[in-house]
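>
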Amino acid sequence: MAEWKRKSETSSAVKKRYNQKTYGTVTAYVPKDLAAAFKDEYAVKGISQAQIIKKAIEAFLSE
0 MAEWKRKSET SSAVKKRYNQ KTYGTVTAYV PKDLAAAFKD EYAVKGISQA
50 QIIKKAIEAF LSE
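Residue numbers 0 to 62, in numbering that gives the first Met the number 0, belong to the letters of the sequence shown in order.
Below, the structure written as structure tokens:
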């Protein structure tokens with residue numbers, strides 16, 4: 000089986016610069032049990048954490 004090789008470190012740096020230029024971050028501190036339940040639920044449903052948070056923000060802004 001052929002071994003997979005990373006093309007270069009440059010591509011990671013380019014992606015990081017793009018993400019920093021294009022996206023912002025939202026941070027929240029929640030109780031550990033709530034965070035664990037959230038992680039379990041989005042894993043079961045096959046939805047990314049970012050998708051859920053983005054939808055919640057969009058719903059809040061459209062009120």
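Glycine included, every Cβ here is placed at the ideal spot set by N, Cα and C.
(1) Which residue marks the beginning of the alpha helix (DSSP H) containing Ile56, and which one marks its end?
(2) Can you check whether the CB of Gln50 is closer than 9 Å to the CB of Lys38?
(3) Could you tell me whether the Cβ atoms of Ile46 and Val25 are closer together than 9 Å?
(4) Once DSSP output is grouped into helix, strand and coil, what is the label at Tyr17?
Well, looking at it:
(1) For the purposes of this step, residue 56 is taken as residue 57 along the sequence shown, with counting starting at 1. In the DSSP assignment, Ile56 falls within the unbroken alpha helix (DSSP H) covering 48-60.
(2) If you number the sequence shown from 1, residue 38 lands on position 39. If you number the sequence shown from 1, residue 50 lands on position 51. No.
(3) In the sequence shown, counting from the first residue as 1, residue 46 sits at position 47. In the sequence shown, counting from the first residue as 1, residue 25 sits at position 26. In terms of Cβ geometry, Ile46 and Val25 do not form a close pair [threshold 9 Å].
(4) Translated into the one-based positions of the sequence shown, residue 17 becomes position 18. Assigned with DSSP and collapsed to three states, Tyr17 falls in helix.
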